[in-house]
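K.L.:
In this text, residue positions in the sequence shown follow full-length UniProt numbering: the first is 1, and each later residue adds one.
For each residue, glycine too, the CB sits at the ideal point set by N, CA and C.
Since we're looking at a predicted model, the values are computed, not measured.
Could you have a look at this structure, given as structure tokens, before my questions?
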Amino acid sequence: MLPFIVGGAILAVGFGVLAAFFDVETEKEKERQNTLKKDIENYTHKAQQAKKRHKHHQILKIADHCLNIIQRYLQEIERLQQEKKETPTQLEAVLEQIQQEMKSLPIQQKHALQIYYNRFEDAQRRALAYLDYLSRLKTQLQEKEKRLKSDLGEIKKLKQKVKKNNENIASNQEWLERHREWRDESQSNNPDNADKMQERMDRNKDNIRKAKDFIAKTQNWINKKECDIDEILKHIQTMEPNHLLPQDFLYVGKLACVNKSEIYAHDRDEESGWNIYGQRLSLESGEHEKSYGILITLKRNFIF
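And the structure:
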């Protein structure tokens, strides 16, 4: 009888809660994930090709492909958020129906049904945690997108300045040769003019030196940004939205086996113990230190 009670509760809200209950992916979800992987592999391949083919503009090409990957991830997160947003409410309805059934059942059956209730309660917690996970991932991707766009805008401006400075070098080099020629012609018959030409030559040389210094410093900055963007490309390939709650994501009520070293001790560095989601386990003592509880702490202003 008990399975029929639970089955009826599930039917009342839809089979969408089953995936959350068993923590498994549906075949449709697996197909979507495969499509996402293929899209990301395509963008990544294009970025790798850009490194080989566009020696002078590779950073712009790679950044564009990074932005494409981020946008594809954000689209997938938006889809998952819309698809999963009602799951906690649906599971709450299942819990309420099971509670109603438990009121009229004898003790033995009530205890058996309590097992189902506990599993659905954990499924609801996981569903809420999954939405939290998606929100954190979305925030991090948006921050990377913002940083990429800012860097790209700055790089484009600096490349224009480099171009103008190269033109300035060419112009000063041309005038330097003319002034040198006029100085040499004036050496014997017009010493004053020769001195003026020498002064202009000195200014030309100084302008060339300053322009070359600017180009060298700017190119070093651009080279650093190229390395940063290349690292972002590598990093975002590991940020594919998980279609299930990651095993190492913490949430209240989660049953987990952890090593002692994974629990934060208050005598350690404040920055230690955080996982990649900005969560940390710490041992909190109760009154007179007779009882202890594991506390999940969220890092302040943390971006996934």
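Measuring only the C-alpha atoms, how far is Glu101 from Ile40?
P.N.:
Within the sequence shown, the letter at position 101 stands for residue 101. Within the sequence shown, the letter at position 40 stands for residue 40. Cα-Cα distance, rounded: 48 Å.
K.L.:
My output table needs one value for Gln279: the three-state DSSP class, helix, strand or coil.
P.N.:
Translated into the one-based positions of the sequence shown, residue 279 becomes position 279. Correct three-state label for Gln279: strand.
K.L.:
In angstroms with no decimal places, state the Cα-to-Cα distance between Gln81 and Leu131.
P.N.:
Reading the sequence shown from its first residue, position 81 is the one you call residue 81. Reading the sequence shown from its first residue, position 131 is the one you call residue 131. Going from the Cα of Gln81 to the Cα of Leu131 covers about 7 Å.
K.L.:
Buried or exposed: which applies to Arg209, given that a residue is buried once 16 or more other Cβ atoms fall within 10 Å of its Cβ?
P.N.:
As a first step, residue 209 must be located in the sequence shown, where it is residue number 209. Exposed, since its Cβ has fewer than 16 Cβ neighbours within 10 Å.
K.L.:
With a CB to CB cut of under 6 Å and the five nearest residues on each side skipped, what residues in its chain are close to Ile77?
P.N.:
Locating residue 77 in the sequence shown gives position 77, counting from the first residue. The answer, listed in chain order, is Leu134, Lys138, Pro241.
K.L.:
Suppose you measure from the CA of Trp175 to the CA of Lys205; what does that come to, to the nearest Å?
P.N.:
Counted from its first residue, the sequence shown places residue 175 at position 175. Counted from its first residue, the sequence shown places residue 205 at position 205. The alpha-carbon atoms of Trp175 and Lys205 are separated by roughly 10 Å.
K.L.:
Starting from Tyr133, trace the alpha helix (DSSP H) both ways and give me its first and last residue.
P.N.:
Sequence index remark: in the sequence shown, residue 133 carries index 133 (1-based). Note, Tyr133: alpha helix (DSSP H), 107-186.
K.L.:
What is the rounded straight-line gap between the Cα of Phe302 and the Cα of Asn207?
P.N.:
The residue labelled residue 302 in the question sits at position 302 within the sequence shown. The residue labelled residue 207 in the question sits at position 207 within the sequence shown. Confidence in Phe302 is poor, its pLDDT being 35 and thus under 50, which makes the residue's placement unreliable; the coordinate value appears in the next sentence. Spanning the two alpha carbons is a distance of roughly 47 Å.
K.L.:
Terminal residues of the continuous alpha helix (DSSP H) containing Cys257?
P.N.:
If you number the sequence shown from 1, residue 257 lands on position 257. Element bounds for Cys257: n/a, residue is neither H nor E.
K.L.:
Straight-line CA distance for Glu154 to Lys37?
P.N.:
Here residue 154 corresponds to residue number 154 of the sequence shown, with the count starting at 1. Here residue 37 corresponds to residue number 37 of the sequence shown, with the count starting at 1. Cα to Cα, Glu154 sits roughly 31 Å from Lys37.
K.L.:
In the DSSP assignment, the alpha helix (DSSP H) including Phe214 goes from what residue to what residue?
P.N.:
Stepping through the sequence shown from its first residue, residue 214 is reached at position 214. Taken as a continuous stretch (DSSP letters only), the alpha helix (DSSP H) holding Phe214 covers 191-236.
K.L.:
Starting from the Cα of Tyr117, find the closest Cα among Glu96, Asp184, Asp195 and give me that residue.
P.N.:
Residue 117 sits at position 117 when you count from the first residue of the sequence shown. Selected option, being the one with the closest Cα: Glu96.
K.L.:
Evaluate the contact criterion for the stretch 151-165 versus the stretch 55-69: three or more CB pairs, one atom per stretch, below 8 Å.
P.N.:
Flag = yes, the stretch 151-165 and the stretch 55-69 touch.
K.L.:
Give a yes or no on whether the C-beta atoms belonging to Ile229 and Glu145 are separated by under 9 Å.
P.N.:
Locating residue 229 in the sequence shown gives position 229, where the first residue counts as 1. Locating residue 145 in the sequence shown gives position 145, where the first residue counts as 1. Contact flag unset, no.
K.L.:
Run the CB neighbour count on Gln187, radius 10 Å, all protein chains shown included, and call it buried at 16 or more, exposed below.
P.N.:
Translated into positions along the sequence shown, residue 187 becomes position 187. So Gln187 counts as exposed.
K.L.:
Could you name the residues of the same chain whose beta carbon sits closer than 7 Å to that of Phe304, not counting the 5 residues immediately before and after it, in chain order?
P.N.:
Taking the first residue of the sequence shown as 1, we reach residue 304 at position 304. Low local confidence applies: a pLDDT of 29 at Phe304 is under 50, so the model's placement there is unreliable, with the coordinate-based value given in what follows. Hits under 7 Å: Arg136, Leu137, Thr139, Gln140, Tyr277, Gly278.
K.L.:
Out of Lys217, Arg126, Leu152, which has the shortest C-alpha to C-alpha gap to Lys85?
P.N.:
Residue numbering aside, residue 85 sits at position 85 when the sequence shown is read from its first letter. Nearest C-alpha to Lys85: Arg126.
K.L.:
When the distance is taken between beta carbons, is Cys66 closer than 9 Å to Val128?
P.N.:
Start at 1 with the first residue of the sequence shown, and residue 128 comes out as number 128. Start at 1 with the first residue of the sequence shown, and residue 66 comes out as number 66. Note that residue 128 corresponds to Leu in the displayed sequence, not to Val. For Leu128 and Cys66, no; Cβs fall outside 9 Å.
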